[in-house]
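K.L.:
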Amino acid sequence: MTHALPSMTVTTEFDANLEAGRCVLRFSGNLTILRVRKLSEQLNAIESNDLVVDLSDVERMDTVGAWLVHKLQRDRGATIVGASREQKSLIDHVAAADQPMKVKRDSEPAFMRVVGQVGLATNVIFGTLYGLLGFFGALLISTGNIIRHPRRFRLNAITQQFEVVGVNALFIVGLMSFLVGIVIAQQGAVQLRQFGAEVYTINLIGRSAMKELGVLMTAIMVAGRSGSAFAAQIGSMKLSEEVDAMRTIGVSPMEALIFPRVAATVLLMPLLGFYAAIMVIVGGGMFCWMSLDIPPVTYIQRIREVVPMTDLYQTLVKAPVFGMIIAMAGCYQGMQVQGNAEEVGLRTTTAVVQGIFLVIVLDAFFAVFFTSIGWA
Amino acid sequence: MGEREIIIDVRGLKNSFGDQVVHEGLDLSVCKGEILGVVGGSGTGKSVLMRSIIGLQTPTEGEVEVFGEPMIGRDEEEAKHVRRRWGVLFQGGALFSTLTVAENVQVPIKEFYPGIDQELQDEIASYKISMSGLASDAGTKYPSELSGGMRKRAGIARALSLDPELLFLDEPTAGLDPIGAAAFDQLILELRDSLGLTVFLITHDLDTLYAICDRVAVIADRKVVAVGTIDELLALDHMWIQDYFGGPRGRAAAQRETEGASA
């Protein structure tokens, strides 16, 4: 083995000598990216403007090295001598690639950026509201079309969504509601005990479960499970142009993708919400039985006395509306995906946040409304 | 060929996914400075072979050596030193979607040579981008703003950013217009000649095979059935090879090549 190890030849040396009034830079070793940082500084330190670059001792040169040589030639009028044929072609190659090229985006002053972002955010909020409204309209039109042409009703798609949105959520929604029931009962009992009114724990559990907790907790869970899934699924389908392919084949994405999801969520939310409310009551009942010595028979009797039917009606009215909002936010955000994979993640997050936010805002309106019509 | 340094050496490679065996007993070696084209029908595992060589896919059996160093079972730190010596262009470009093209090109430089100042990095990025044939405003664009062909060019700019000795190209000319594809072939040739690159090239483009490949490896029946120049391959009595090069497209490409040579 006669050639030296690569690690020993990576250094580039250069001598700067004054010869006949010109500054001769004699490079040796490897003229590569590995050495370029130091070299670039050293070269800048040389002040002479009458340069000769001698490459005859250079063993290896890569494009970065060639770029440095080219820059000496371009900016300081250096003459290149002793370059081999390959080196010359490499330098020519780099020189040919030296064209004005923008590599940085123009940046704005900080104040303008902040103002711009505020404007952009406002634009997005109103744009989204406007978009959602339009989306709702398009959904209604599709629903109308499906009702007029029942053959376009995709039973398989809806059944599958029933399973994904409803059946698969039963365990987690049930478990969560059961635990929330225990927590409410326990916290309530501690507070009410101070007034010797422990027995009112049952009122607390029954009414809050039927009126708010069941449906609200379900809505949050469905937004997290299904709203996000809708956005991600439809979003990736948009990225891979599946949605466009659907359109060209003549299948309306609104009917094939969005209607089944929204319909399944709207239909299943009341069932899930009711189931969740019952599980809250069961959880609370367990606690009452274990800790407060209230037997289940008494508990159920009391629940029937204190929970009016109007509480159940409230849940059943709110649930489909919440379901509609969650599913629409998910599908709408999914359909807005364009560009890159990062967008899918962003839109999914937005779908969940928007869904839950709108659900809670509407819940407040519902509370005021139901109170004023006497369903307190 | 015997005297030339072997850059990639694959021996007895076996890859399987569940019951499906993609490669079995695959041998292949790539010599320094050559452009090796890899062809094979769809689903014969050309990309899987490339992924096995660059360490993205751990083979079931077999050995892979790159630059004389075994690649299987290497730890991350050691593999890094080999990795800086090659560049990879994936089928879809695989640009980082949150970075601009220029930033994409600078990623390997930042990773391996952190000391280089931003100004020089920008210069490097700009000539790499220009070298790969992109317009002057492409550097500030995000991958989603580029067309498929431009994305491919940006991908090769990134693959070239460290001046690799070895370049892996997965169907580089697919999706390019014929003029762009020819320019791309020319670019690869020039880079090979000026930088002494070794190129491992997966392609379906017969023009590319004729124009730039020194040797062609044919993958069929889970292994490399033949390696050689196109003339050597044509002399073989293998049905798939005959169909591939003897089909209308193959003949047209051969025709163009001879015309190009005599012109």
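Residue numbers (my numbering), protein chains in the order written: chain L, 22 to 397; chain C, 4 to 266. For every residue, glycine included, the Cβ atom is placed at its ideal position computed from N, Cα and C.
(1) Among I38(C), E27(C) and G28(C), which has the Cα closest to the Cα of Q189(C)?
(2) Establish whether the CB of S110(L) and some CB of chain C are separated by less than 8 angstroms.
(3) Tell me where the alpha helix (DSSP H) around R134(L) begins and ends.
(4) For the alpha helix (DSSP H) containing E262(L), list its first residue and its last residue.
(5) Taking G142(C) as the query, report the chain L residues whose CB atoms sit under 9 angstroms from its CB, ordered along the chain.
(6) Taking all protein chains shown into account, do 16 or more other C-beta atoms lie within 10 angstroms of the C-beta of V13(C), making it buried, or fewer, making it exposed?
(7) Identify whether A25(L) lies in helix, strand or coil by the three-state DSSP scheme.
(8) Using a Cβ-Cβ cut-off of less than 8 angstroms, give me the residues of the region 53 to 64 of chain L that come near chain C, in sequence order.
(9) Taking only the alpha-carbon atoms, compute the straight-line gap between M133(L) and D127(L) and give it to the nearest angstrom.
(10) Would you decide whether N18(C) is buried or exposed? Buried here means 16 or more other CB atoms lie within 10 Å of its CB.
(11) Is the beta carbon of D173(C) less than 8 angstroms from the beta carbon of S55(C)?
(12) Can you give the Cα-Cα distance for G86(L) and A157(C), rounded to whole angstroms?
(13) Since V42(C) and V228(C) should fall inside the 8 angstroms C-beta cutoff, what is the C-beta to C-beta distance between them, to a whole number of angstroms?
(14) Go through its chain and collect everything with a Cβ distance to D217(C)'s Cβ below 8 angstroms, but skip five positions before and after it.
(15) Could you check whether the Cβ of M134(C) sits closer than 8 angstroms to any Cβ belonging to chain L?
(16) DSSP has G17(C) in a bridge; who is on the other side?
(17) Which residues in chain L have a C-beta closer than 8 angstroms to the C-beta of E80(C)? List them in chain order.
(18) Give the DSSP bridge partners of S32(C), in chain order.
(19) Would you mind listing the alpha helix (DSSP H) stretches within the region 232 to 300 of chain L that are 4+ residues and don't spill past its ends, in chain order?
(20) Between which two residues does the beta strand (DSSP E) harbouring R81(L) extend?
(21) Measure the C-alpha to C-alpha separation of P73(C) and D22(C) and round it to an integer number of angstroms.
(22) Using only CA atoms, which one of F308(L), I347(L) and L379(L) lies nearest to L200(L)?
(23) Per DSSP, which residues does L165(C) bridge with? Please list them.
(24) Can you check which of these residues, A244(L), G271(L) and P274(L), is closest to G344(L) by C-alpha distance?
(25) Going by other Cβ atoms of all chains shown within 10 Å of its Cβ, with 16 needed for buried, is L26(L) buried or exposed?
(26) Leaving out five residues on either side along the sequence, give the residues of the same chain with a beta carbon under 7 angstroms from the beta carbon of D332(L).
(27) From A131(L) to Q138(L), what distance separates their C-alpha atoms?
(28) Assuming S100(C) is part of the alpha helix (DSSP H), what are its boundary residues?
(29) Check the Cβ of A340(L) against every Cβ in chain C and list those closer than 8 angstroms, keeping chain order.
(30) Whole angstroms are fine: how far does the CA of L212(C) sit from the CA of L200(C)?
(31) Is the region 258 to 276 of chain L close to the region 375 to 390 of chain L, with three or more CB pairs under 8 angstroms?
(32) Mind listing which residues of the region 107 to 126 of chain C have their C-beta closer than 8 angstroms to chain L's C-betas, in chain order?
(33) Between W88(L) and chain C, is the shortest Cβ-Cβ distance under 8 angstroms, so that the two count as touching?
(34) Who does W89(C) pair with in a DSSP beta bridge?
(35) Any C-beta of chain L sitting closer than 8 angstroms to the C-beta of S150(C)?
(36) For E276(L), count neighbouring Cβ atoms within 10 angstroms of its own Cβ and tell me buried if that reaches 16, exposed if not.
P.N.:
Taking the coordinates as given:
(1) With distances taken between Cα atoms, Q189(C) lies closest to I38(C).
(2) Chain C contact via Cβ: present.
(3) Going by DSSP, R134(L) is part of the alpha helix (DSSP H) stretching over A131 to R169.
(4) Neither: E262(L) is in no alpha helix (DSSP H) and is coded neither H nor E.
(5) In chain order, M122, K123, V124 and K125 make up the part of chain L whose C-beta sits under 9 angstroms from the C-beta of G142(C).
(6) So V13(C) ends up on the buried side.
(7) Note that A25(L) has pLDDT 36, beneath the 50 cutoff, so the model's placement of it is unreliable and no number is given.
(8) Cβ contacts with chain C come from T53, I54, L55, V57, R58 and S61.
(9) Approximately 13 angstroms, taken between the alpha carbons.
(10) Its Cβ being crowded by 16 or more others within 10 Å, N18(C) is buried.
(11) For the 8 angstroms CB-CB criterion, D173(C) and S55(C) do not form a contact.
(12) Those two C-alpha atoms are separated by around 22 angstroms.
(13) With 8 angstroms as the limit, V42(C) and V228(C) do not qualify as a contact, their Cβ atoms being about 11 angstroms apart.
(14) Scanning its chain for C-beta atoms nearer than 8 angstroms, with the 5 sequence neighbours on each side dropped, one finds around D217(C) the residues E37, I38, L39 and T232, in chain order.
(15) Interface residue, yes.
(16) Looking at the sequence shown, residue 17(C) is not Gly but Lys. Residue pairing by DSSP puts K17(C) in a beta bridge opposite E64(C).
(17) Within 8 angstroms Cβ-Cβ: nothing; E80(C) doesn't reach chain L, min ~16 angstroms.
(18) D12(C).
(19) 235 to 243, 249 to 260 and 263 to 270, all fully within the region 232 to 300 of chain L.
(20) Per DSSP, R81(L) belongs to the beta strand (DSSP E) from L72 to M82.
(21) Distance between the alpha carbons of P73(C) and D22(C) is about 27 angstroms.
(22) Closest by alpha carbon: F308(L).
(23) Paired residues: none, contrary to the question.
(24) For the options A244(L), G271(L) and P274(L), the alpha carbon positioned closest to that of G344(L) is the one of A244(L).
(25) For L26(L), the predicted structure reports a pLDDT of 35, less than 50, and the residue's modelled location is therefore unreliable. A value from the coordinates is still provided. An exposed status is given to L26(L), since fewer than 16 other beta-carbon atoms sit within 10 Å of its beta-carbon.
(26) The residues are R228, M231 and K232.
(27) A straight line joining the alpha-carbon of A131(L) with that of Q138(L) spans about 10 angstroms.
(28) First-last for S100(C): undefined, no H or E at that position.
(29) Under the 8 angstroms cutoff, chain C gives no residues; its nearest Cβ is about 39 angstroms from A340(L).
(30) Taking the straight line joining both Cα atoms gives about 17 angstroms.
(31) They do not touch, by the three-pair rule.
(32) Answer in chain order: I112, Y116, G118, I119, D120, L123, D125 and E126.
(33) Yes, W88(L) lies at the interface with chain C (some Cβ there is under 8 angstroms from its Cβ).
(34) Bridge partners of W89(C): L169(C).
(35) Not one chain L Cβ lies under 8 angstroms of S150(C).
(36) Counting Cβ neighbours within 10 Å, E276(L) comes out buried, since at least 16 surround it.
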